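Q:
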Amino acid sequence: MANASIRPATAAGHYYPGDPLVLHAQLSELLSTAVALETVLAPKALIVPHGAYLYSGPVAATAYAALAPMREQVRRVVLLGPAHHSQFEGFALPAAQAFATPLGAVALSRSHWLALQKRADCVVDDHAHALEHTLEVQLPFLQTVLGGFELVPVLVGAAGPEAVAGLLDELWGGPDTVVVVSSDLSHDLSYEQARHCDRATIRQIVDLGASLTTEQACGAAPVNGLLRAATRHGLDAHLLDLRNSGDTVGGRERVVGYASVAFCESPQYACRACH
């Protein structure tokens, strides 16, 4: 594979360790000490924060620890996140055919990459992906808990819930496919304000209310689309962890909120599917 086809790990050394041994040790520590609020089985989708590991890593780890038992099953990860550095309509794919991290390169699912380009609202834009950390920071966790898998990385620009849900429907797949949406919650509120705001946001997410704003979650667009898709695919939302940077590193004047949420098949939906 030519180097030009690999997106480099631009967040390494900033959002997470650039040294593979240090990164491996940090991930092992985060995953081994993760304690979720609820035990879930076979999540089909996850909402995971994308801050620096020092800040959001403990919260992200609760989501990935829930995914770890599916290591032998999952072969494809559909990864959606907001674009912080570019503005565009719809969705952006990378031109690169693999994403690098200090733990190695993750290859894209070329068949899905080609199929998505048939959508009028999906463009190939390496510039949008070049410095974007929201997808990259999820990869070392995924590499650790899943081992080998194919990646479908999509940055979400100006897109409504129905458009995002439609894209997810195309990529939904079976038990070998998991969806990960990368998003933090509130930004730059005081500790108590953030707690109040984020609790309200989580109630909305658990109720599958697809009307979040960017003040509630920087990844509101992909989250809303996932919530719409979860409703029609019969998934229930389960809160695994909810904290903010004041909890993880201290400093409570201005904080960022983080949550991990798992989406699993509703027992009622499973029963209906059997008849």
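Residue numbers (our numbering): 407 to 681. Beta carbons are placed, not taken as given, at the ideal position from N, Cα and C, and that holds for glycine. Only a predicted model underlies this, so the values are computations on that prediction, with no experimental measurement involved.
So which of Glu-495, Arg-481, Arg-649, Arg-413 has the shortest CA-CA distance to Val-570?
A: The residue you call residue 570 lines up with position 164 of the sequence shown. Measuring from the Cα of Val-570, the nearest candidate turns out to be Glu-495.
Q: Would Asp-604 and Gly-663 qualify as a contact pair, given that the criterion is a beta-carbon distance under 8 angstroms?
A: Here the question's residue 604 lines up with position 198 in the sequence shown. Here the question's residue 663 lines up with position 257 in the sequence shown. Yes, the Cβ-Cβ distance between Asp-604 and Gly-663 is below 8 angstroms.
Q: Quick one: grab the DSSP three-state call for Leu-614.
A: For the purposes of this step, residue 614 is taken as the residue at position 208 of the sequence shown. Coil at Leu-614, not helix or strand.
Q: Go through its chain and collect everything with a Cβ distance to Gly-424's Cβ below 8 angstroms, but skip five positions before and after it.
A: Counting from 1 along the sequence shown, the entry for residue 424 is found at position 18. Answer for Gly-424: Ala-415, Ala-418, Pro-508, listed in chain order.
Q: Hey, His-456 and Gly-487: beta-carbon distance below 8 angstroms or not?
A: As a working note, residue 456 is residue 50 in the sequence shown. As a working note, residue 487 is residue 81 in the sequence shown. Contact: yes.
Q: Going by DSSP in three states, Gly-682 sits in which element: helix, strand or coil?
A: Residue 682 lies beyond the stretch modelled for the chain, which goes from 407 to 681, so this question has no answer here.
Q: Among Gln-610, Ala-600, Gln-523, which residue has its Cα nearest to the Cα of Asp-653?
A: The residue given as residue 653 occupies position 247 in the sequence shown. Asp-653 has its Cα closest to that of Ala-600, out of Gln-610, Ala-600, Gln-523.
Q: Given that a residue counts as buried once 16 or more other Cβ atoms are within 10 Å of its Cβ, and exposed if not, what is Lys-450?
A: On the sequence shown, position 44 is the one that residue 450 refers to. Buried.
Q: The beta strand (DSSP E) with Glu-556 in it runs from where to where?
A: The sequence position of residue 556 within the sequence shown is 150, counting from 1. 556-562 is the span of the beta strand (DSSP E), which, as asked, contains Glu-556.
Q: So is Pro-673 buried or exposed if we call it buried at 16+ other beta carbons inside 10 Å?
A: Within the sequence shown, the letter at position 267 stands for residue 673. Under this definition Pro-673 is an exposed residue.
Q: Looking only at DSSP bridge pairs, what is Asp-642 linked to?
A: As a first step, residue 642 must be located in the sequence shown, where it is residue number 236. BP columns for Asp-642 point to Cys-670.
Q: Excluding the 5 residues preceding and the 5 following Ala-623 in the sequence, name in chain order all residues of the same chain whose CB lies nearer than 6 angstroms to its CB.
A: In the sequence shown, residue 623 corresponds to position 217, counting from 1. Same-chain partners within the cutoff: Ser-589, Leu-591, Val-629.
Q: Would the stretch 477-487 count as touching the stretch 526-545 if we require 3 or more Cβ pairs under 8 angstroms?
A: Cβ pair count under 8 angstroms is three or more, so yes.
Q: Check whether the Cβ atoms of Ile-412 and Ala-502 lie closer than 8 angstroms to each other.
A: As a working mapping, residue 412 is identified with position 6 in the sequence shown. As a working mapping, residue 502 is identified with position 96 in the sequence shown. Yes, they are a contact pair.
Q: I believe Leu-557 touches Phe-505 by the beta-carbon criterion, under 8 angstroms. Please report the beta-carbon distance rounded to the nearest angstrom.
A: Translated into the one-based positions of the sequence shown, residue 557 becomes position 151. Translated into the one-based positions of the sequence shown, residue 505 becomes position 99. Yes, Leu-557 and Phe-505 are in contact; Cβ-Cβ is about 6 angstroms, under 8 angstroms.
Q: So if DSSP puts His-593 in a beta bridge, which residue, or which two residues, is it bridged to?
A: Stepping through the sequence shown from its first residue, residue 593 is reached at position 187. According to DSSP, His-593 bridges with Val-662.
Q: Which stretch, first to last residue, makes up the alpha helix (DSSP H) that contains Phe-497?
A: Indexing the sequence shown from 1 puts residue 497 at position 91. Taken as a continuous stretch (DSSP letters only), Phe-497 belongs to no alpha helix (DSSP H), being part of the beta strand (DSSP E) at 497-499.
Q: Would you call the stretch 436-451 and the stretch 518-528 touching, i.e. three or more CB-CB distances under 8 angstroms?
A: In short, these stretches do not touch, since the Cβ pair count stays below three.
Q: How about Val-584 and Leu-473: do their beta carbons lie closer than 8 angstroms?
A: Taking the sequence shown and counting its residues from 1, one reaches residue 584 at position 178. Taking the sequence shown and counting its residues from 1, one reaches residue 473 at position 67. Yes, Cβ-Cβ distance for Val-584 and Leu-473 is below 8 angstroms.
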